[in-house]
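Working notes for the structure below.
Residue numbers (our numbering), protein chains in the order written: chain A, 4 to 120; chain B, 159 to 268.
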């Protein structure tokens with residue numbers, strides 16, 4: 004079974020630009036979460052999508068957005084990039100349920116490392 | 159979700175057991191203890207989780223105290239490939255996110 008795939012693995016952008024990152028979850032997984040990892044703030048939750056709906060969001064500005072497609076693949080977008088957006092962006096998937104019990108066992112991808120100059 | 163406290167770093171000798179402590183004194187009855195690790199430049203990897211009882215799998219053992227206010231992750235025979243940052247996380251079963259703290263940076267030495 005293929006793992007979580009994130010593309011691109013590395014990218015360099017300049018301030019003011021926008022970026023789109025892609026995540027393909029494990030086959031059959033309907034929940035996709037995004038995390039940002041920086042040396043200063045550690046791993047921080049961005050948002051989670053389930054069945055094309057965002058059902059939880061972290062404390063990030065509106066420049067950070069995402070979406071999920073009917074095949075569970077997800078993208079996240081960051082507009083008007085700032086130097087502080089330089090980070091490792093991690094995607095994680097799990098089977099997910101529509102409510103009630105959700106496992107905390109997430110399967111993470113290798114991440115997309117974004118550098119903003 | 160309840161907060162966790164872990165030592166920032168620890169060393170371990172190769173071949174010996176590594177015991178990683180975690181304090182979660184405000185844990186609620188419906189919250190689980192999860193452990194992840196992150197090897198340099200990779201995504202976090204799930205290790206093990208538990209609610210009340212001790213748990214063991216092929217990677218590690220998890221010992222949870224009777225009052226559930228603390229736990230210990232045990233790597234029975236540490237190898238150099240176990241060098242990583244280990245995160246202890248309290249997770250509510252109906253929750254949708256993991257809250258990562260600073261973790262413990264474990265260095266396994268030959």
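Every residue gets a Cβ at the ideal spot worked out from N, C-alpha and C, and that includes glycine.
Nothing here was measured: the structure is a model prediction, and the numbers come from that model.
Distances from the alpha-carbon of residue 75/A to those of 94/A, 65/A, 86/A and 85/A put 94/A closest.
Secondary structure of residue 239/B (DSSP, three-state): helix.
Under the three-pair Cβ rule at 8 Å, the stretch 192-205 of chain B counts as touching the stretch 215-223 of chain B. With a contact defined as Cβ atoms closer than 8 Å, residue 227/B and residue 182/B qualify at about 6 Å. According to DSSP, residue pairing for residue 58/A in a beta bridge does not occur. For residue 207/B, DSSP records a beta bridge to 192/B.
Along the stretch 83-113 of chain A, the beta strand (DSSP E) occurs as fully enclosed runs of 3 or more residues at 90-97, listed in sequence order. In this structure, residue 115/A sits near residue 91/A, with a CB-CB distance shorter than 9 Å. For residue 78/A, the enclosing beta strand (DSSP E) covers residues 77-81. The continuous beta strand (DSSP E) containing residue 176/B extends over residues 176-181. Sorting 119/A, 120/A, 105/A and 99/A by C-alpha distance to the C-alpha of residue 29/A places 99/A at the top. When C-alpha distances from residue 42/A are compared across 261/B, 266/B and 194/B, the shortest belongs to 261/B. The DSSP-derived three-state label of residue 226/B is coil. The beta carbon of residue 185/B sits closer than 8 Å to those of 160, 191, 226, 227 and 248, all from its chain and outside the five residues before and after it, given in chain order. Check the Cα spacing between residue 233/B and each of 174/B, 166/B and 165/B: the tightest is with 174/B.
Within chain A, no C-beta atom comes less than 8 Å from the C-beta of residue 198/B; the nearest is roughly 11 Å away. A residue is called buried when at least 16 other Cβ atoms come within 10 angstroms of its Cβ; residue 10/A does not meet this threshold and is exposed. Residues 116 of the same chain have their beta carbon placed closer than 7 Å to that of residue 13/A, with the five preceding and five following residues left out of the count. Around residue 89/A, the same chain offers 117, 118 and 119 as residues with beta carbons nearer than 7 Å, after the five sequence neighbours per side are excluded. Nearest C-alpha to residue 33/A among 66/A, 39/A and 72/A: 72/A.
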